[in-house]
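Below is one structure, written out as structure tokens, with a few remarks after it.
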Amino acid sequence: AQSVTQLDSHVSVSEGTPVLLRCNYSSSYSPSLFWYVQHPNKGLQLLLKYTSAATLVKGINGFEAEFKKSETSFHLTKPSAHMSDAAEYFCVVSAGNFNKFYFGSGTKLNVKP
Amino acid sequence: KAGVTQTPRYLIKTRGQQVTLSCSPISGHRSVSWYQQTPGQGLQFLFEYFSETQRNKGNFPGRFSGRQFSNSRSEMNVSTLELGDSALYLCASREGKAGSYEQYFGPGTRLTVT
Numbered sequence: 001a002q003s004v005t006q007l008d009s010h011v012s013v014s015e016g017t018p019v020l021l022r023c024n025y026s027s028s029y030s031p032s033l034f035w036y037v038q039h040p041n042k043g044l045q046l047l048l049k050y051t052s053a054a055t056l057v058k059g060i061n062g063f064e065a066e067f068k069k070s071e072t073s074f075h076l077t078k079p080s081a082h083m084s085d086a087a088e089y090f091c092v093v094s095a096g097n098f099n100k101f102y103f104g105s106g107t108k109l110n111v112k113p
Numbered sequence: 114k115a116g117v118t119q120t121p122r123y124l125i126k127t128r129g130q131q132v133t134l135s136c137s138p139i140s141g142h143r144s145v146s147w148y149q150q151t152p153g154q155g156l157q158f159l160f161e162y163f164s165e166t167q168r169n170k171g172n173f174p175g176r177f178s179g180r181q182f183s184n185s186r187s188e189m190n191v192s193t194l195e196l197g198d199s200a201l202y203l204c205a206s207r208e209g210k211a212g213s214y215e216q217y218f219g220p221g222t223r224l225t226v227t
């Protein structure tokens, strides 16, 4: 079975400080993992993906994530937060029959000036 | 390439009515998935279509149905609307072939049931 747990429902950081959004997954197969971002009243935008190549994945807007199989984690980081990063972030695992997507419950990132 | 488009963007319906939402995938993408997003339940998978066939289905009642056309465009229908069907409905497309896993989402259709 596949599942995703996002460990924090809300994260608040100050502009210019690092961002860490945590994600643990469970998968019976070799998973593909993704982070998506959703700004208010918008669809989801793909930030980055892991598909069994390099374990450190770089995405758009300065975000990156590291796949750690031993810890079953895929945490999202950014060295310096920007006001425009305020949004909701979803961790997703894809595995199994026809690569069905399993979404985490989301983490809302607030960036303070 | 143009992104995933969804029409209409906003919709207001009355309980008991039915509604049809439309999704046009990215050109060349053969898989279309539908999701329901609500504040209480988060993102929930409805179904996925590939080459006009439903190949994955979530845990929604039969009032929720969909179809896909030969040009990969998809429609989702909800009959006998309930207040709880008020949500953002998101469509996502992907190539659907082996090795292409990521989905690309449309802006969504905001459905309000009164």
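Chains A and B, in that order, are what the protein sequence lines are.
Residue numbers 1 to 113, in my numbering, belong to the letters of the first sequence in order.
Residue numbers 114 to 227, in my numbering, belong to the letters of the second sequence in order.
Cβ coordinates follow ideal geometry from the N, Cα and C atoms, glycine included.
Only a predicted model underlies this, so the values are computations on that prediction, with no experimental measurement involved.
Between the options, which has its C-alpha nearest residue i's C-alpha?
i, options, result
"Lys69(A)", "Ala53(A), Asn61(A) and Lys58(A)", "Ala53(A)"
"Thr225(B)", "Pro121(B), Gly116(B), Glu208(B) and His142(B)", "Pro121(B)"
"Gln6(A)", "Tyr89(A), Ser28(A), Phe101(A) and Lys112(A)", "Tyr89(A)"
"Arg176(B)", "Thr118(B), Ile125(B), Gln130(B) and Leu124(B)", "Gln130(B)"
"Ala81(A)", "Asn24(A), Ser14(A) and Leu46(A)", "Ser14(A)"
"Asn110(A)", "Ala65(A), Ser30(A), Leu21(A) and Lys42(A)", "Leu21(A)"
"Ser84(A)", "Phe101(A), Ser105(A) and Val19(A)", "Val19(A)"
"Gly197(B)", "Pro174(B), Phe163(B) and Thr118(B)", "Pro174(B)"
"Val93(A)", "Tyr214(B), Ser192(B), Arg180(B) and Pro220(B)", "Tyr214(B)"
"Ala86(A)", "Ser26(A), Thr107(A), Ile60(A) and Asp8(A)", "Thr107(A)"
"Met189(B)", "Ser146(B), Lys114(B), Tyr123(B) and Ile125(B)", "Ser146(B)"
"Ser73(A)", "Asn41(A), Asn61(A) and Leu56(A)", "Leu56(A)"
"Gln216(B)", "Lys100(A), Leu76(A) and Gly104(A)", "Lys100(A)"
Check the Cβ of residue i against every Cβ in chain A and list those closer than 8 Å, keeping chain order.
i, result
"Gly219(B)", "Gly43"
Give a yes or no on whether the minimum CB-CB distance between residue i and chain B is below 8 Å.
i, result
"Phe67(A)", "no"
"Ser94(A)", "yes"
"Ser52(A)", "no"
"Phe90(A)", "yes"
Between residue i and chain A, is the shortest Cβ-Cβ distance under 8 Å, so that the two count as touching?
i, result
"Gly155(B)", "yes"
"Leu124(B)", "no"
"Leu134(B)", "no"
"Leu224(B)", "no"
"Leu194(B)", "no"
So residue i and residue j are in contact, right, with Cβ under 8 Å, and what is the actual spacing, rounded?
i, j, result
"Leu114(A)", "Tyr36(A)", "No answer is possible for residue 114(A): the residues shown for chain A start at 1 and end at 113."
"Cys91(A)", "Val4(A)", "5 Å"
"Gln167(B)", "Phe160(B)", "6 Å"
"Phe63(A)", "Leu47(A)", "5 Å"
"Glu208(B)", "Arg143(B)", "7 Å"
"Ser30(A)", "Gln2(A)", "Incorrect: roughly 11 Å between the Cβ atoms, too far for contact."
For residue i, return the contacting residues in chain A, with the cut-off set at a CB-CB distance below 7 Å.
i, result
"Glu215(B)", "Phe34, Leu46 and Lys49"
Using a Cβ cut-off of 9 Å, pull out every chain B residue sitting near residue i, in sequence order please.
i, result
"Phe103(A)", "Tyr148, Gly155, Leu156, Gln157 and Phe158"
Cβ of residue i versus every heavy atom of the ligand NAP: is any distance shorter than 7 Å?
i, result
"Lys78(A)", "As presented, the structure is devoid of all ligands, the ligand NAP included, so that no description of it is given."
At a CB-CB cut-off below 8 Å, which residues of chain B make contact with residue i?
i, result
"Gly106(A)", "Gly155 and Leu156"
Inter-stretch contact (C-beta, 8 Å, three-pair minimum) for the stretch 132 to 140 of chain B and the stretch 26 to 41 of chain A: no
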